[in-house]
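Undergrad:
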Ligand code: AMP
Ligand code: MN
Ligand code: MN
Ligand code: MN
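In my numbering, the protein residues as written are 3 to 279.
And the structure:
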């Protein structure tokens, strides 16, 4: 059976490895078919495709778009996209545009909380100046010993209500799904278990997603607990969604689940890749 991993980050967004190095790392972890899905950016896809081919791995061009829905950040992965499609390229550029100003404001707030120099500190970790992420701040705060690890930085500084949290308005769900579809891609609700929606709000998200033409959710992801694999397997069956799977890899060691440890999709689901390879 093909081992498929459809959610990974490189240093083109908030991962630490270059696209070709992520490909090699995935291959070493036994992956046969692989997608690079950087946040709001497709710049790494050409290098990733080339590296995957050289490693004998099937490649799926992807992206993970930041969306604001019901005042929460929701991530929508796009798979099998044409990375040169103009509407997608322009939409992603617009989505990235506010990141630098947000980063400066995060740094201002951290300075007031007693941590100066975080903008410059975060920039040291940035591989793509258009994509300054909270993850880069987290890595800097770990470096200077403000926190022991990145989850702790998010808990203490970078999540809502904490000094260092700056609210931000990302793309709309309709725009993100539209850009992906205009690029011939398949939109996927990433890690649905991560959002703080109650049942009703979550149902409304899925309904709107369906109305926009969406038919796939992530079920097995490094961003879910194993319990959530079961929960979202049932959700997928109930709504008739196809299922996706991926580590959400960012960095060796920082991984919530390594490539060779991620569970297969539960039985009874139709994988989003059922007719791809
Ligand atoms: P941004 O798009 O700049 O707001 O950053 C979001 C990224 O931060 C996500 O893609 C994750 O990689 C990372 N992230 C969010 N929450 C956490 C957390 N609790 N622990 C570790 N990383 C997180
Ligand atoms: Mn990330
Ligand atoms: Mn995500
Ligand atoms: Mn991700």
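For every residue, glycine included, the Cβ atom is placed at its ideal position computed from N, Cα and C.
Distance check for residue 70 and residue 172, CA to CA, integer angstroms please.
TA: Using only the alpha carbons, I get a separation of about 5 Å.
Undergrad: Which residue or residues does DSSP assign as beta-bridge partners of residue 218?
TA: 190, 244.
Undergrad: Shortest alpha-carbon distance to residue 106 belongs to which of 97, 88, 133?
TA: That would be 133, whose Cα lies nearest to the Cα of residue 106.
Undergrad: Compute the distance between the beta-carbons of residue 262 and residue 17, then report whether it is under 8 Å.
TA: Not a contact, by the Cβ cut-off of 8 Å.
Undergrad: Looking only at its own chain, which residues have a Cβ that is under 8 Å from the Cβ of residue 156, when we skip the five neighbours before and after it?
TA: Closer than 8 Å at Cβ, skipping near neighbours: 136, 140.
Undergrad: With a floor of 4 residues, list each alpha helix (DSSP H) that falls wholly inside the stretch 19-103, ordered by position along the chain.
TA: Those alpha helix (DSSP H) runs which fall completely within the stretch 19-103 and span 4+ residues are 21-30, 47-56, 88-98.
Undergrad: With three or more beta-carbon pairs closer than 8 Å as the criterion, would you say the stretch 83-97 touches the stretch 42-51?
TA: A contact exists between the stretch 83-97 and the stretch 42-51.
Undergrad: Count the C-beta pairs between the stretch 100-119 and the stretch 52-64 that are closer than 8 Å, then say yes if the count reaches three, no if not.
TA: Because the criterion of three Cβ pairs below 8 Å is not met, the stretch 100-119 and the stretch 52-64 do not touch.
Undergrad: Looking at ligand 3, does it come within less than 7 Å of residue 193, judged from the CB to the closest heavy atom?
TA: Checking every heavy atom of ligand 3 against the Cβ of residue 193, one is found closer than 7 Å.
Undergrad: Which residues have a Cβ closer than 6 Å to any heavy atom of ligand 2, listed in chain order?
TA: Qualifying residues come out as 11, 16, 41, 137, 252.
Undergrad: Using a threshold of 7 Å, is the CB atom of residue 156 nearer than that to any non-hydrogen atom of ligand 1?
TA: Checking the Cβ of residue 156 against ligand 1 gives yes.
Undergrad: What three-state label does DSSP hand residue 261 in the structure shown?
TA: Looking at residue 261 - three-state DSSP - the assignment turns out to be coil, as it is neither helix nor strand.
Undergrad: Under 8 Å: do the stretch 9-16 and the stretch 247-255 share three or more Cβ pairs, one atom per stretch?
TA: The answer is yes - the stretch 247-255 touches the stretch 9-16, with three or more Cβ pairs under 8 Å.
Undergrad: How would you label residue 146, buried or exposed, when you count the other beta carbons within 10 angstroms and need 16 or more for buried?
TA: So residue 146 ends up on the exposed side.
Undergrad: Under a three-way DSSP split, which group does residue 179 fall into?
TA: Note: residue 179 maps to helix in three-state DSSP.
Undergrad: Any idea what DSSP makes of residue 251, helix, strand or coil?
TA: If DSSP states are grouped into helix, strand and coil, residue 251 belongs with the strands.
Undergrad: Decide if residue 202 is buried, meaning its Cβ has at least 16 other Cβ atoms within 10 Å, or exposed.
TA: Its Cβ having fewer than 16 others within 10 Å, residue 202 is exposed.
Undergrad: DSSP three-state label for residue 272, please.
TA: Three-state result, residue 272: coil.
Undergrad: When the Cα of residue 177 is compared with those of 166, 39, 97, 244, which residue comes out closest?
TA: Checked all of 166, 39, 97, 244; the closest Cα to residue 177 is 97.
Undergrad: Which of helix, strand or coil does DSSP assign to residue 209?
TA: Helix, per DSSP.
Undergrad: Consult DSSP for residue 173 and reduce its assignment to one of helix, strand or coil.
TA: Residue 173 falls in the strand class under three-state DSSP.
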